[in-house]
Amino acid sequence: MKPVPELKPVLELENASFAYRGRTDPVVADIALPVESGQSLALVGESGAGKTTLLRMLLGLARPTSGAVRFDGDELRPRDREQMTRFRRDVQCVFQDPYSSLDPRRRVGGIVAEPLRSLGIDTRRTAGPKVAAALERVGLPADAAERYPHEFSGGQRQRIAIARATVCEPRVLLADEPVSALDVTTRVKVVELLGELKREHGLTLVMVSHDLSVVASLCERTAVLERGRVVEQGPTAQVLGAPAHPYTARLVASVPRLPTAAGPG
Amino acid sequence: MNILELHDLTIRTTDGRTLVDGLSLALAPGERLGLIGESGSGKSLTSLAVLGLLPAGMTASGRVVLAGAPITGASERELTGVRGRDAAIVFQEPLTALDPLMRVGRQIAGPLGRRRGLKGTALRQAVTAALEQVRLPDPERVARAFPHEISGGQRQRVALAMALACEPKLLIADEPTTALDVTVQAELLTLLDTLVRERDMALLFVSHDLAVVAKIADRVLVMRNGRAVETGEVREIVGAPREEYTRELVNSARRLESALDLRSGR
Numbered sequence: 105m106k107p108v109p110e111l112k113p114v115l116e117l118e119n120a121s122f123a124y125r126g127r128t129d130p131v132v133a134d135i136a137l138p139v140e141s142g143q144s145l146a147l148v149g150e151s152g153a154g155k156t157t158l159l160r161m162l163l164g165l166a167r168p169t170s171g172a173v174r175f176d177g178d179e180l181r182p183r184d185r186e187q188m189t190r191f192r193r194d195v196q197c198v199f200q201d202p203y204s205s206l207d208p209r210r211r212v213g214g215i216v217a218e219p220l221r222s223l224g225i226d227t228r229r230t231a232g233p234k235v236a237a238a239l240e241r242v243g244l245p246a247d248a249a250e251r252y253p254h255e256f257s258g259g260q261r262q263r264i265a266i267a268r269a270t271v272c273e274p275r276v277l278l279a280d281e282p283v284s285a286l287d288v289t290t291r292v293k294v295v296e297l298l299g300e301l302k303r304e305h306g307l308t309l310v311m312v313s314h315d316l317s318v319v320a321s322l323c324e325r326t327a328v329l330e331r332g333r334v335v336e337q338g339p340t341a342q343v344l345g346a347p348a349h350p351y352t353a354r355l356v357a358s359v360p361r362l363p364t365a366a367g368p369g
Numbered sequence: 257m258n259i260l261e262l263h264d265l266t267i268r269t270t271d272g273r274t275l276v277d278g279l280s281l282a283l284a285p286g287e288r289l290g291l292i293g294e295s296g297s298g299k300s301l302t303s304l305a306v307l308g309l310l311p312a313g314m315t316a317s318g319r320v321v322l323a324g325a326p327i328t329g330a331s332e333r334e335l336t337g338v339r340g341r342d343a344a345i346v347f348q349e350p351l352t353a354l355d356p357l358m359r360v361g362r363q364i365a366g367p368l369g370r371r372r373g374l375k376g377t378a379l380r381q382a383v384t385a386a387l388e389q390v391r392l393p394d395p396e397r398v399a400r401a402f403p404h405e406i407s408g409g410q411r412q413r414v415a416l417a418m419a420l421a422c423e424p425k426l427l428i429a430d431e432p433t434t435a436l437d438v439t440v441q442a443e444l445l446t447l448l449d450t451l452v453r454e455r456d457m458a459l460l461f462v463s464h465d466l467a468v469v470a471k472i473a474d475r476v477l478v479m480r481n482g483r484a485v486e487t488g489e490v491r492e493i494v495g496a497p498r499e500e501y502t503r504e505l506v507n508s509a510r511r512l513e514s515a516l517d518l519r520s521g522r
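Structure, rendered in structure tokens:
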């Protein structure tokens, strides 16, 4: 069952623009993009189109030069500690490279418990059961907590990163190319895992991906960026199935496809 | 005569790990072979061994024969004579293949001058021609640019122009489109297809992506953990894989792809 979309988006970019200091030309301009609960959103476009900048604004890591980021309807204020604590609890993130996003000197249990400790939800002593549950959720054995990141493969490390991001049961998971560093057989499994987290834990994804098949597998909505502007957004089936913008059409047509068994593909 | 033959190629590290294990393959002139596998399968090492470019600390045994000449056991001087002329290589990341401090034109002029003995105006014209061949618009401007001043797709075209400068009989392409955006990838694959056909080159295309390989290669060799799993026509391998591992690869790729069909069908 999909939760009924709320009236207020969980996260929203409201006519947001971002320019680097000292530059007048914005990286992204006039972005109006709501993220509604249960409606996972994909951001697609070429490198340099501004996908990651949007994600950074949604994470509160970059402040829009004009416009606003809204969380549950309120403007995000990085200095409001009470709001930021609620925000961090509800909005977590996963990055592309599972090798550089985990501290190599810490055991997996400590890594996964980090959000619980930094948000003041649990201490080291009381975090155990939640860490075990998070590891189980992502399909890792319980004894993984005692081991170090280097003992795991790329796919398993990405599972660890997902366990860390979901340990405090957030509502939104922001993911920047979460599966593109993985081999295809592993990629399928991590996509399945993310799908499960959506279904069973009501997680809403906001995902940057250049892989349209991953987008189509996981996201109800898609926004297409070209040179810092959203050129098209809507239900994924519509955007990718019947693109309205010529750039989207070119993007979809460029995806290499396997030849069909029947004949020329 | 085959342009490339590998007989029982085995690549080991000095501490005794075997990374490629008894690989044999043959490539006829004009033939296109895709080498496919996941990370750690040994596909890139195999392609490096063809030109005697294995990193320090790795040794190759078995035989590599390129255009009739043995590569394994050849001296560095003999290898220099072979590289670029019999076979040339294009890598995944054009930024690492290009010297960041040298204008693009000079980098292409290097092999052209050495191999063909060109100088002055003739050399400049040959550089422009090489850039035109890879369909770079405004080749004079690109020749004057530094690598960071042009886009990723343009850089890969420059790397391709360098590889083709000495008219090799075999082009080795190691994940040449993996770092590129999907629209740029599509353009580069079309270009590669045209160039290989026009020049009647053989192609060894290394990739993790079955769909990309299927677009460009006739035959495919699936590798896993340094060994050949199976080989055959692309359509056969994709349509009816015989080995369990190949089936897993194809099924994974199809499963992801099918998401696109469901959506567009509505």
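These protein sequences, in sequence, are chains G and X. Under the working numbering, the first residue of the first sequence is numbered 105, with each subsequent residue one higher. Under the working numbering, the first residue of the second sequence is numbered 257, with each subsequent residue one higher. Glycine included, each C-beta is placed from N, C-alpha and C at the ideal position.
Determine the chain G residues that contact R498(X) at a beta-carbon separation under 7 Å, and present them in chain order. As a working mapping, residue 498(X) is identified with position 242 in the second sequence. None at all; the shortest Cβ gap to chain G is about 14 Å.
Residue range of the alpha helix (DSSP H) that includes Q187(G): Position 83 of the first sequence, counting from 1, holds the residue named residue 187(G). Boundaries of the alpha helix (DSSP H) around Q187(G): R185 to D194.
Going residue by residue through the stretch 314 to 383 of chain X, where are the continuous beta strand (DSSP E) segments of at least 3 residues, counting only ones entirely within it? With a minimum length of 3 residues, the continuous beta strand (DSSP E) runs that stay inside the stretch 314 to 383 of chain X are 314 to 322 and 343 to 346.
Round the Cβ separation of L329(G) and L309(G) to the nearest angstrom and send it over; I've been treating them as touching at under 8 Å. Your numbering for residue 329(G) matches position 225 in the first sequence. Your numbering for residue 309(G) matches position 205 in the first sequence. Taking a contact as a CB-CB distance under 8 Å, the pair L329(G) and L309(G) does not count as one, their CB atoms being some 17 Å apart.
Whole angstroms are fine: how far does the CA of A120(G) sit from the CA of E349(X)? By 1-based counting over the second sequence, the position of residue 349(X) is 93. By 1-based counting over the first sequence, the position of residue 120(G) is 16. When rounded, the separation of the alpha-carbon atoms in E349(X) and A120(G) is 33 Å.
Exposed unless 16 or more other CB atoms sit within 10 angstroms - verdict on M358(X): By 1-based counting over the second sequence, the position of residue 358(X) is 102. It is exposed - the Cβ of M358(X) has fewer than 16 other Cβ atoms within 10 Å.
Within 9 Å, strictly: CB atoms of L322(X) and I267(X): Along the second sequence, one-based indexing puts residue 322(X) at 66. Along the second sequence, one-based indexing puts residue 267(X) at 11. Not in contact: L322(X) and I267(X) (Cβ atoms no closer than 9 Å).
Going by the beta-carbon positions, is the gap between V383(X) and A365(X) smaller than 9 Å? Along the second sequence, read from residue 1 onward, the residue named residue 383(X) stands at position 127. Along the second sequence, read from residue 1 onward, the residue named residue 365(X) stands at position 109. Contact flag set, yes.
Measuring straight from C-alpha to C-alpha, what distance separates E300(G) and N258(X)? Numbered from its first residue, the first sequence carries residue 300(G) at position 196. Numbered from its first residue, the second sequence carries residue 258(X) at position 2. Here the C-alpha atom of E300(G) lies approximately 51 Å from the C-alpha atom of N258(X).
Going by DSSP, which residues form a beta bridge with R197(G)? Position 93 of the first sequence holds residue 197(G). The displayed chain sequence assigns Cys, not Arg, to residue 197(G). For C197(G), which the question treats as bridged, DSSP gives the partners L278(G).
Alpha carbon to alpha carbon, what distance is there between G376(X) and T289(G)? For the purposes of this step, residue 289(G) is taken as residue 185 along the first sequence, with counting starting at 1. For the purposes of this step, residue 376(X) is taken as residue 120 along the second sequence, with counting starting at 1. Computed Cα separation, rounded: 53 Å.
Can you list the alpha helix (DSSP H) stretches of 4 or more residues lying completely in the stretch 398 to 454 of chain X, in chain order? Within the stretch 398 to 454 of chain X, the alpha helix (DSSP H) runs of at least 4 residues that lie entirely inside it are, in chain order, 408 to 420.
Is there a Cβ from chain G that is less than 9 Å from the Cβ of K375(X)? Translated into positions along the second sequence, residue 375(X) becomes position 119. For K375(X), the answer is no, since every Cβ of chain G falls outside 9 Å of its Cβ.
Please state the DSSP three-state secondary structure of I225(G). To locate residue 225(G), count along the first sequence from 1; it is residue 121. Of the three classes helix, strand and coil, the one that applies to I225(G) here is coil, per DSSP.
Cα-Cα separation, P350(G) to V476(X): Taking the first sequence and counting its residues from 1, the one referred to as residue 350(G) is at position 246. Taking the second sequence and counting its residues from 1, the one referred to as residue 476(X) is at position 220. Within the model, the alpha-carbon separation for P350(G) versus V476(X) is close to 34 Å.
Quick one: using the 10 Å Cβ neighbour count with 16 as the cut-off for buried, is S170(G) buried or exposed? For the purposes of this step, residue 170(G) is taken as the residue at position 66 of the first sequence. By the 10 Å Cβ count, S170(G) comes out exposed.
Hey, quick one: how far does the beta strand (DSSP E) through H263(X) stretch, first residue to last? Position 7 of the second sequence holds residue 263(X). From DSSP, the beta strand (DSSP E) with H263(X) extends over L260 to T269.
Could you tell me which chain X residues have their CB closer than 8 Å to the CB of S313(G), listed as they occur along the chain? Numbered from 1 along the first sequence, position 209 holds the residue referred to as residue 313(G). Within 8 Å Cβ-Cβ: nothing; S313(G) doesn't reach chain X, min ~11 Å.
Between which two residues does the beta strand (DSSP E) holding Q337(G) run? Indexing the first sequence from 1 puts residue 337(G) at position 233. Annotation for Q337(G): the continuous beta strand (DSSP E) segment containing it runs R333 to P339.
Reference Q412(X), options F347(X), V506(X), M314(X) and C422(X), closest by Cα: Indexing the second sequence from 1 puts residue 412(X) at position 156. Answer by Cα proximity: F347(X).
Candidates V452(X), V468(X) and Q441(X): closest to E150(G) by CA position: As a working mapping, residue 150(G) is identified with position 46 in the first sequence. Comparing alpha carbon positions, the residue from V452(X), V468(X) and Q441(X) closest to E150(G) is Q441(X).
Identify the contact partners of G150(G) in chain X, using a Cβ-Cβ distance below 9 Å as the criterion. Locating residue 150(G) in the first sequence gives position 46, counting from the first residue. According to the sequence as given, residue 150(G) is Glu; it is not Gly. Result: D437, V438, T439 and V440.
R339(X) to A399(X) span [Cα, whole Å]: Position 83 of the second sequence, counting from 1, holds the residue named residue 339(X). Position 143 of the second sequence, counting from 1, holds the residue named residue 399(X). The straight-line gap from Cα to Cα measures roughly 23 Å.
Check whether the stretch 432 to 447 of chain X touches the stretch 275 to 282 of chain X, counting contact only when three or more Cβ pairs, one atom from each stretch, lie closer than 8 Å. The stretch 432 to 447 of chain X, when compared against the stretch 275 to 282 of chain X, does not touch it at the 8 Å Cβ threshold.
Assign D394(X) to one of three DSSP states: helix, strand, or coil. The residue labelled residue 394(X) in the question sits at position 138 within the second sequence. Correct three-state label for D394(X): coil.
Rank A249(G), D184(G), C272(G) and L286(G) by C-alpha distance to the C-alpha of Q262(G) and give the top, closest one. In the first sequence, counting from the first residue as 1, residue 262(G) sits at position 158. For Q262(G), the nearest C-alpha among the options comes from L286(G).
State buried or exposed for D129(G), treating a residue as buried only when at least 16 other CB atoms are found within 10 Å of its CB. Taking the first sequence and counting its residues from 1, the one referred to as residue 129(G) is at position 25. It counts as exposed.
Quick one: grab the DSSP three-state call for N529(X). Residue 529(X) lies beyond the range of chain X shown here (257 to 522); nothing can be said about it.
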